[in-house]
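J.:
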Amino acid sequence: MKGAVKRAGEVGGGRGAGYAACMLTISPELRAKIVAHARADHPDEACGVIAGPAGSDRPERFIPMLNAERSPTFYRFDSMEQLRVWREMDDRDEEPVVIYHSHTATEAYPSRTDISYASEPGAHYVLVSTREPDSEEFRSYRILDGVVTEEDVTVWPTAVGAGG
Amino acid sequence: MAIEVRIPTILRTYTSGAKAVEGAGGTLDELISDLNKQYDGLRERLVDDSGLRRFVNVYLNDEDVRFLGGLAAEVHDGDTVTVLPAVAGGAG
Chain A
75 MKGAVKRAGE
85 VGGGRGAGYA
95 ACMLTISPEL
105 RAKIVAHARA
115 DHPDEACGVI
125 AGPAGSDRPE
135 RFIPMLNAER
145 SPTFYRFDSM
155 EQLRVWREMD
165 DRDEEPVVIY
175 HSHTATEAYP
185 SRTDISYASE
195 PGAHYVLVST
205 REPDSEEFRS
215 YRILDGVVTE
225 EDVTVWPTAV
235 GAGG
Chain B
4 MAIEVRIPTI
14 LRTYTSGAKA
24 VEGAGGTLDE
34 LISDLNKQYD
44 GLRERLVDDS
54 GLRRFVNVYL
64 NDEDVRFLGG
74 LAAEVHDGDT
84 VTVLPAVAGG
94 AG
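Protein chains in written order, with the working numbering: chain A, 75 to 238; chain B, 4 to 95.
1. Thinking C-alpha only, which one of G93/B, G95/B, G81/B and A89/B is nearest V8/B?
2. Bridge partners of G126/A, per DSSP?
3. Check distances from the C-beta atoms of the stretch 193 to 221 of chain A to those of chain B and list, in chain order, the residues that come in under 8 angstroms.
4. Measuring CA to CA, which of S214/A, Y174/A and E206/A is closest to T180/A?
5. Give the interface partners of V78/B over in chain A, defined as CB-CB distance under 8 angstroms, in chain order.
6. If we ignore side chains and look at the alpha-carbon of each, how far apart do G73/B and A5/B end up?
7. Whose C-beta lies closer than 7 angstroms to the C-beta of W133/A among residues of the same chain, with five residues either side of it excluded?
8. Compare the C-alpha of N141/A against each of V229/A, A114/A and R166/A and name the closest.
9. Taking only beta-carbon atoms, is Y62/B less than 8 angstroms away from chain A?
10. Which residues bound the alpha helix (DSSP H) around R216/A?
11. By Cβ distance, which residues of its chain are closer than 8 angstroms to P11/B, with the 5 residues on each side in sequence left out?
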């Protein structure tokens, strides 16, 4: 398993959600939008959401968010913007399929802070690292009950538009 | 007196999956205590020794309760309270 981190006795016991064959499928356009946002906000961390139809696991609608912390080491969605976006997703019968943010000087791996604040159990947590000027790391994880599981990222044109 | 409280996905384990529940109270503090009687353990996810937990956003209708006095915010029949865990993190 590449990069997966598991704790003994994880919640759910045995082959629970953390061991499921997980994958993020994302269009090249959406992947590029996430990377461009991360580059644009560097050296501050960038953050945002990609919404998709509830239950579909398809990221479709790109929603870059303000980092209310404007920090090179921390991010937080502005609370009123989050309310607006979450209500809008609810109205459109969507859910946050991807929650992304960037690390600007460290690797694209969830920190202890990332893990402790992860509160959307159905989301793919995408991390981009912009620590190198000429290349980026783009990785995806599930974070459930404090357990991080890395998953494969498949970049594939989606049938339904380019999203965003 | 009924106040609708919208529950985020991660807390629906306390409400048997319900996305919205009803409670009573004159202040947010009382409302949360009322909900805790119905859904044991819910209060502790929202409140700590210093008041509302820092990384939980609570809104009264369209406003963040941080600007309405936090737990002391007055709530009335017909209000909607929305709970959203903050989306946050970072390398630091």
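From the three backbone atoms N, C-alpha and C, an ideal C-beta is built for every residue, glycine too.
T.: Quick answer:
1. The sequence position of residue 8/B within the second sequence is 5, counting from 1. Distance from the Cα of V8/B is smallest, within the candidate group G93/B, G95/B, G81/B and A89/B, for G81/B.
2. As a first step, residue 126/A must be located in the first sequence, where it is residue number 52. Per DSSP, E169/A.
3. If the cut-off is 8 angstroms between Cβ atoms, the stretch 193 to 221 of chain A has S193, E194, P195 and G196 near chain B.
4. Locating residue 180/A in the first sequence gives position 106, counting from the first residue. Among S214/A, Y174/A and E206/A, the Cα nearest to that of T180/A is on E206/A.
5. Counting from 1 along the second sequence, the entry for residue 78/B is found at position 75. Simply none; closest approach about 17 angstroms.
6. As a working note, residue 73/B is residue 70 in the second sequence. As a working note, residue 5/B is residue 2 in the second sequence. So the two alpha carbons sit approximately 20 angstroms from each other.
7. On the first sequence, position 59 is the one that residue 133/A refers to. Note that residue 133/A corresponds to Pro in the displayed sequence, not to Trp. The residues are I100, L104, I124, G126, V171, V172 and G237.
8. The residue you call residue 141/A lines up with position 67 of the first sequence. For N141/A, the closest alpha carbon among the candidates V229/A, A114/A and R166/A is that of A114/A.
9. As a working mapping, residue 62/B is identified with position 59 in the second sequence. Output row for Y62/B: interface = yes.
10. As a working mapping, residue 216/A is identified with position 142 in the first sequence. For R216/A, there is no enclosing alpha helix (DSSP H); the residue is found in the beta strand (DSSP E) stretching over E211 to L218.
11. Taking the second sequence and counting its residues from 1, one reaches residue 11/B at position 8. Apart from sequence neighbours up to five positions away, the residues of its chain that approach P11/B with a beta-carbon distance below 8 angstroms are V86, L87 and P88, ordered along the chain.
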